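Numbering of the sequence shown is given in UniProt numbering, commencing with residue 1 and proceeding in unit increments. Step one of this worksheet: look at the structure below.
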Amino acid sequence: MAVLCLCYGAGLRIAEALAISANDLDTTSIRVSGKGAKIRIVPIIASVQNAIDEYLKACPFEVKPSDPIFRGVRGGVLSPRIVQLRMVQLRSALGLPPSASPHALRHSFATHLLGNGGDLRTIQELLGHSSLSSTQIYTQVDTEHLLAEFQKAHPRA
């Protein structure tokens, strides 16, 4: 489902992903209207762009460039509840824990960026957080990883 790819691949909230219009899309970035009507530009990876392109090709409804691209079965704007229900179905089919949710995809986006050396301030901008403290929840390191790093780096460990 392209909307879920967008939530993970660009770190978007469901509401942000569902509000995306064709006018907001570029080949390498997306214009996102976040909380408080704050606008931010977020880069998108090729696999997310491909998922959106495939969705748009398969979509049977004509959508104006200024209208949200994600549509329900009757052609109206796709509801967040439908995305959540689809996630429940995927979770069940894939044997994922109940914590796997559309928002968990956004959380994973931030955690994976941070875990691969991403700068906290940059991640804050990508997520559209106004406060760095909102982004700092992603810095909590699990105990096992902490212990492994300690063993690897401490000269007397």
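C-beta: ideal position from N, C-alpha, C; glycine also. In this text, all values refer to a predicted model and were calculated from it rather than measured experimentally.
CB contact flag (residue i, residue j, <7 Å)
{"i": "Pro-102", "j": "Cys-7", "result": "yes"}
{"i": "Ile-123", "j": "Leu-132", "result": "no"}
{"i": "Val-3", "j": "Glu-16", "result": "no"}
{"i": "Ile-69", "j": "Ala-100", "result": "no"}
{"i": "Leu-105", "j": "Leu-18", "result": "no"}
{"i": "Met-1", "j": "Arg-81", "result": "no"}
{"i": "Phe-61", "j": "Gly-76", "result": "no"}
{"i": "Ala-157", "j": "Tyr-138", "result": "no"}
{"i": "Leu-146", "j": "Thr-135", "result": "no"}
Pick from the options that is closest to residue i, judged by C-alpha positions
{"i": "Lys-48", "options": "Lys-57, Gly-76, Thr-28, Gly-115", "result": "For the sequence presented, residue 48 should be read as Val rather than Lys. Out of Lys-57, Gly-76, Thr-28, Gly-115, Thr-28 has the C-alpha closest to the C-alpha of Val-48."}
{"i": "Ile-45", "options": "Ala-157, Ile-39, Asp-53", "result": "Asp-53"}
{"i": "Val-73", "options": "Leu-94, Lys-152, Cys-59, His-107", "result": "Cys-59"}
{"i": "Asn-50", "options": "Pro-65, Asp-26, Asp-67", "result": "Asp-26"}
Supposed contact pair residue j and residue i - C-beta distance, whole angstroms, cut 8 Å
{"i": "Val-83", "j": "Arg-71", "result": "The pair is not a contact, with the Cβ atoms about 12 Å apart (cut-off 8 Å)."}
{"i": "Gly-36", "j": "Leu-127", "result": "The pair is not a contact, with the Cβ atoms about 13 Å apart (cut-off 8 Å)."}
{"i": "Ile-20", "j": "Ile-30", "result": "6 Å"}
Residue i CB to nearest heavy atom of the ligand PLP below 6 Å
{"i": "Lys-35", "result": "The ligand PLP is absent from the structure shown, which contains no ligands of any kind."}
In chain order, what are the residue ranges of uninterrupted alpha helix (DSSP H) at least 4 long that sit wholly in the UniProt domain "Tyr recombinase" (1-151)?
2-10, 14-18, 46-58, 80-94, 102-115, 120-127, 132-135
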